[in-house]
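In my numbering, the protein residues as written are 5 to 436. Virtual Cβ for every residue (Gly too), placed ideally from N, Cα, C. Because the structure is a prediction, the values reported are computed rather than measured. What follows is one structure encoded as structure tokens, with my remarks underneath.
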Amino acid sequence: ITCTANGNPLPSIMFRRVGTNVVIKSGINDYRISVEHDTARDQATATLVIKHLNRTDDGLYTCIASNKGGEASKNGHLTVEFPPEFPSNMVKEMWTWNRMPVNLSCVSESLPNASISWLLNNRLIEDDMNVQKFGKGPYSNLLVTPVDPRYYGVYKCLAKNIHGENSALITLREAHRPSKVSQAKFDVVTATTISFSFVGPTDTGGIRIKAYAVQYKEMSQTWEEARNKSWPVDTPYILENLEAHRTYQFRFAAINDVGTSEWGPLEQRTMPKRSAPEEPKILVNKDVYTEDYINSPYGNSYEVNWKIPADNGEPIDHYNVNYCVIDKINTMWTTRRDSCKNEQLRFQDRTAFLMNNLNANTFYKVEVRAHNEIGYSVPSELVFKTAAEQTPKVAGINAAMNVNRLAICDYITALSVLSLTAAFGGDRWWLR
5 ITCTANGNPL
15 PSIMFRRVGT
25 NVVIKSGIND
35 YRISVEHDTA
45 RDQATATLVI
55 KHLNRTDDGL
65 YTCIASNKGG
75 EASKNGHLTV
85 EFPPEFPSNM
95 VKEMWTWNRM
105 PVNLSCVSES
115 LPNASISWLL
125 NNRLIEDDMN
135 VQKFGKGPYS
145 NLLVTPVDPR
155 YYGVYKCLAK
165 NIHGENSALI
175 TLREAHRPSK
185 VSQAKFDVVT
195 ATTISFSFVG
205 PTDTGGIRIK
215 AYAVQYKEMS
225 QTWEEARNKS
235 WPVDTPYILE
245 NLEAHRTYQF
255 RFAAINDVGT
265 SEWGPLEQRT
275 MPKRSAPEEP
285 KILVNKDVYT
295 EDYINSPYGN
305 SYEVNWKIPA
315 DNGEPIDHYN
325 VNYCVIDKIN
335 TMWTTRRDSC
345 KNEQLRFQDR
355 TAFLMNNLNA
365 NTFYKVEVRA
375 HNEIGYSVPS
385 ELVFKTAAEQ
395 TPKVAGINAA
405 MNVNRLAICD
415 YITALSVLSL
425 TAAFGGDRWW
435 LR
């Protein structure tokens, strides 16, 4: 890149990339770059030489000439041409089945733009009646309808321009149904539910497994009378509404987009007898744990939440919540029996209870049990600490909010009615 300037006195000349303030100098940051200066009579000349051009050299350059009288500049664009290249994230494997059309995509980066042609197993494929080509370059898609096995194989995307050629390979494979499930594990068994986990098939069919299925029946039934259930992958695999103390037979299958595998080996399991419910697991945010307890954000209340447990064959008729003040003595929690309070919640779908009028800055232990006609479940326990005592101002605000909650709801309802009246009235109203 040569830049010539004149002036009195003769100006000095320098080069910069547009967008930076860094002056380009010989070999300072890049051994490929040199700048040569020359003067002849009434003009100065500077030449920027870049050897072994890279694509990163492409861009706008500015030549700046300056002397005591001022400066002048002129921009010039350097365009670096290069042979075809392919992005590293290009898809190199595609799957299809049952003669379904599939789209193979190829993107070439080059300057000037490359023309693209397609080959299958090193023979031109573009004139085949079961193949459609869209785009000649730098983008090209090949729509293939594999009517027979000859259309599966290695497709070559061949890109050419005046500086050279390059190719990318895309393998088209035929997907099929997965093989049998390797193993089904009975993880948690209650009187009426089973939780499973699966070891997937050794052959997925080439594409991902999207679901697992179970077919199950009682011993006295035929497989034509069997019931079916399926679960998407990575969701809880739980089978519900089974009968307590009944013997069931199970068989399992894996599912992909092509279809369902053959059923795996028969599994047999006798459900437990009816019993007290399972433990109602208390739900907490792990982020709020401090040592072996959690911190309540409030000084006088805490809401405990739990998950509805399996009822083990008899409906849950109530929950029991017991909470007491506790102290830690020599690393052991000790309960103050005279502080304990007990509540029975007569709703089988109840999953929360708000404990009010607690002492600030105090440790509590809460236990939740589920009950059916057979008895109580094992208790689920949680230790929490209330916050330090609220300031009078904050406490007053909270009290006012509780007292006025109904009034606020009435106010919102009144606004809703007013909005409807205004909307359907004869005049136009603007409510703010």
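Between residue i and residue j, which are expected to be in contact by the criterion C-beta below 8 Å, what is the C-beta distance as a whole number of angstroms?
i	j	result
residue 248	residue 195	4 Å
residue 356	residue 262	45 Å between Cβ atoms; not a contact.
residue 105	residue 147	6 Å
Please work out which residues of its chain come closer than 7 Å, Cβ to Cβ, to residue i, disregarding the five sequence neighbours upstream and downstream, and give them in chain order.
i	result
residue 118	88, 112, 141, 142, 163, 164, 165
residue 300	306, 388, 389, 390, 391
residue 458	Outside the modelled stretch of the chain, which goes from 5 to 436, sits residue 458, for which no answer is possible.
residue 462	The chain is shown from 5 up to 436; residue 462 falls before or after that span and cannot be answered.
residue 235	215, 216, 241
Give every residue of the same chain whose Cβ lies closer than 8 Å to the Cβ of residue i, excluding the five residues on either side of it in the sequence, and list them in chain order.
i	result
residue 185	202, 203, 204, 205, 216, 256, 257, 258, 265, 268
residue 14	43, 46, 47, 48, 71
residue 277	195, 248, 249, 317
residue 27	18, 19, 20
residue 31	37, 38
Within this structure, are the beta carbons of residue i and residue j separated by less than 7 Å?
i	j	result
residue 209	residue 260	yes
residue 362	residue 307	no
residue 17	residue 36	no
residue 86	residue 59	yes
residue 62	residue 39	no
residue 224	residue 378	no
residue 108	residue 157	no
What separation, rounded to the nearest whole angstrom, lies between the Cα atoms of residue i and residue j?
i	j	result
residue 283	residue 320	12 Å
residue 413	residue 296	Its pLDDT being 39, under 50, residue 413 is placed unreliably in this model, and the coordinates cannot settle the point.
residue 139	residue 145	6 Å
residue 20	residue 211	53 Å
residue 287	residue 365	22 Å
residue 150	residue 130	14 Å
residue 302	residue 242	37 Å
residue 7	residue 95	46 Å
residue 246	residue 233	13 Å
residue 100	residue 134	14 Å
residue 159	residue 115	24 Å
residue 407	residue 360	Note that residue 407 scores 42 on pLDDT, short of 50, meaning its location in the model is unreliable and no value can be drawn from it.
residue 376	residue 281	7 Å
residue 23	residue 176	46 Å
residue 98	residue 274	45 Å
residue 52	residue 80	12 Å
residue 254	residue 152	38 Å
residue 251	residue 239	26 Å
residue 213	residue 187	14 Å
Apart from the five residues on each side of it in sequence, which residues of its chain come closer than 6 Å, Cβ to Cβ, to residue i?
i	result
residue 170	88, 163
residue 50	7, 17, 41
residue 3	Residue 3 lies beyond the range of the chain shown here (5 to 436); nothing can be said about it.
residue 339	328, 330
Assess contact between the stretch 267 to 276 and the stretch 333 to 341, defined as three or more Cβ pairs (one per stretch) separated by less than 8 Å. Is contact present?
No, the stretch 267 to 276 does not touch the stretch 333 to 341.
Using 8 Å as the Cβ pair cut-off and three pairs as the minimum, do the stretch 318 to 328 and the stretch 366 to 383 touch?
Flag = yes, the stretch 318 to 328 and the stretch 366 to 383 touch.
For the stretch 294 to 314 and the stretch 375 to 395, state whether three or more C-beta atom pairs, one from each stretch, are separated by less than 8 Å.
Contact holds: three or more Cβ-Cβ distances are below 8 Å.
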